[in-house]
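Remarks on the structure that follows.
Protein chains in written order, with the numbering used here: chain A, 80 to 225; chain B, 582 to 854.
Set out below in structure tokens:
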């Protein structure tokens, strides 16, 4: 099975997060791998099914187009996934690219997303009980571009 | 003041095309979650709408719903609408610059033959979008990182086999809003022009008459796009596939209130320095 590139959209209700000073309940994740075994779509506890060599592409989407949201960092065990920040060429719109170094098998490898929201200087992230994760066992999916 | 509700619809196009339905493959989000909306992140959104009456008992003004639809494998909607063409133009300019370098007198120092150069040459892969009404327009295939997916002069590997895998999908579009809430005059949907070029400068919006408190359903008609390719000409085309999904409004007999203050929707409080 060949490696794939897999987008993950991080949806944020920026106003709700700033009003409650918490992103718990104001962040939802969706990936493109429902047919490949990912679960928890539309929640913060998305479990993305992956294989070694896959590339994950995280982008952020604010519910209000006027509200600023960006990913500051993806905090994940680098033994399993190596992450780096990138920008769409010619723009200041960023993404985070994660390369799967090791297939976790049945293990869940949780990760956190540090977000920059509005003009708040301190970054915000999910509490430990609400984390997304990667796990092994991706069953099928489209191939990556040549 | 009219209240604005943003409804974001994210579609897993691959899963929907495989299942033949949007159910289970569509994720609704909106920004009234803290005010009682339910079904966030699922295909069963019920938007809570306070606003039948003002706090003083008088008739409230209408609520406005704004819809944004995208695909989970589409590029971020914050990118310029013509981003693919911008990227293709940049790649073409780089290719021309490389060709000029090769043609220059000092190209000999590079020790590269034109044959090798042309073998490495990459050009953008163009595709046609066929709209639900049959109109055709053109776009360029990009991957999820905004890089043009190239067709090379080597046609031994059909680009379609690569393209269908790692290409960012053009986002689904709303083609109509119908259903009980429309037929009964509870919502008045329409497509509007926008200076923001998301979805070609068009977006769907609906005003809500808030005088009939109860749960009302409506149907979003959405065109997904499937990438197909002519195996002879290699021409890639995004063919529309029409699907629909229901959502609901829960119009509540409660006064509108200001999300910042919890009070009435009047002037915002001015912070003291």
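Glycine included, every Cβ here is placed at the ideal spot set by N, Cα and C. Since this is a predicted model, take the numbers as computed values, not measurements.
Any C-beta of chain B under 8 angstroms from that of residue i
i, result
"residue 175(A)", "no"
"residue 113(A)", "yes"
"residue 153(A)", "no"
"residue 214(A)", "no"
"residue 150(A)", "no"
"residue 195(A)", "no"
"residue 96(A)", "no"
Beta carbon proximity, residue i to chain A, threshold 8 angstroms
i, result
"residue 631(B)", "no"
"residue 752(B)", "no"
"residue 883(B)", "Only positions 582 to 854 of chain B appear in the structure, and residue 883(B) is not among them; the question remains open."
"residue 653(B)", "yes"
For residue j and residue i, the rounded distance between their alpha carbons
i, j, result
"residue 833(B)", "residue 109(A)", "30 angstroms"
"residue 733(B)", "residue 143(A)", "For residue 733(B), the pLDDT reaches just 44, beneath the cut-off of 50, and the residue's location in the model is therefore unreliable, leaving the point undetermined."
"residue 722(B)", "residue 708(B)", "7 angstroms"
"residue 152(A)", "residue 115(A)", "26 angstroms"
"residue 634(B)", "residue 138(A)", "39 angstroms"
"residue 226(A)", "residue 677(B)", "This structure cannot speak to residue 226(A), because chain A is shown only from 80 to 225."
"residue 819(B)", "residue 681(B)", "35 angstroms"
"residue 184(A)", "residue 808(B)", "32 angstroms"
"residue 96(A)", "residue 613(B)", "12 angstroms"
"residue 654(B)", "residue 214(A)", "20 angstroms"
"residue 150(A)", "residue 698(B)", "39 angstroms"
"residue 740(B)", "residue 182(A)", "The pLDDT assigned to residue 740(B) is 41, lower than 50, so where the model puts this residue is not dependable; a value taken from the coordinates is nonetheless given after this. Rounded to the nearest angstrom, the two C-alpha atoms are 29 angstroms apart."
"residue 711(B)", "residue 596(B)", "21 angstroms"
"residue 644(B)", "residue 629(B)", "11 angstroms"
"residue 148(A)", "residue 714(B)", "36 angstroms"
"residue 608(B)", "residue 827(B)", "12 angstroms"
"residue 785(B)", "residue 646(B)", "8 angstroms"
Cutoff 6 angstroms; reference residue i; Cβ partners in own chain excluding five residues on either side
i, result
"residue 802(B)", "756, 757 and 825"
"residue 589(B)", "610 and 649"
"residue 189(A)", "210 and 212"
Interface partners of residue i on chain A, CB under 7 angstroms
i, result
"residue 608(B)", "109, 120 and 121"
"residue 720(B)", "Ordered by position in chain A, no residue passes the 7 angstroms Cβ test against residue 720(B), which lies about 16 angstroms from the chain."
"residue 593(B)", "111 and 113"
Residues of its chain near residue i, where Cβ-Cβ distance is below 8 angstroms and the 5 sequence neighbours each way are ignored
i, result
"residue 122(A)", "107 and 108"
"residue 684(B)", "none"
"residue 724(B)", "730, 747, 748 and 749"
"residue 718(B)", "709, 710 and 712"
Amino acids of chain B, ordered along the chain, whose beta-carbon sits closer than 8 angstroms to that of residue i
i, result
"residue 142(A)", "587, 589, 610, 611 and 612"
Residues that residue i contacts on chain B, provided the C-beta gap is smaller than 7 angstroms
i, result
"residue 136(A)", "725 and 726"
Neighbour list for residue i in chain B, Cβ cutoff strictly below 9 angstroms
i, result
"residue 84(A)", "724, 725, 726, 746 and 747"
"residue 162(A)", "Neighbours of residue 162(A) on chain B: none; closest Cβ ~14 angstroms, over 9 angstroms."
"residue 92(A)", "610, 611, 612, 614, 615 and 621"
"residue 129(A)", "None at all; the shortest Cβ gap to chain B is about 15 angstroms."
is_contact[residue i, chain D] using C-beta, thresh 8 angstroms
i, result
"residue 794(B)", "Checking the listed chains, one finds no chain D in this structure; the protein chains it contains are A and B."
Amino acids of chain A, ordered along the chain, whose beta-carbon sits closer than 9 angstroms to that of residue i
i, result
"residue 599(B)", "114"
Checklist entry - Along the region 164-193 of chain A, what residues have a CB closer than 8 angstroms to any CB found in chain B? => result 165, 167, 168, 169, 170, 172, 174 and 176
Item to check | Short-range partners of chain A found in the region 655-680 of chain B, where Cβ spacing is below 9 angstroms | outcome: 655, 656, 657, 658, 659, 660, 661, 664, 667, 668 and 671
Item to check | Interface residues of the region 810-824 of chain B facing chain A [CB-CB below 9 angstroms] | outcome: none
Checklist entry - Using Cβ-Cβ distances below 9 angstroms, what residues of the region 201-212 of chain A are close to chain B? => result none
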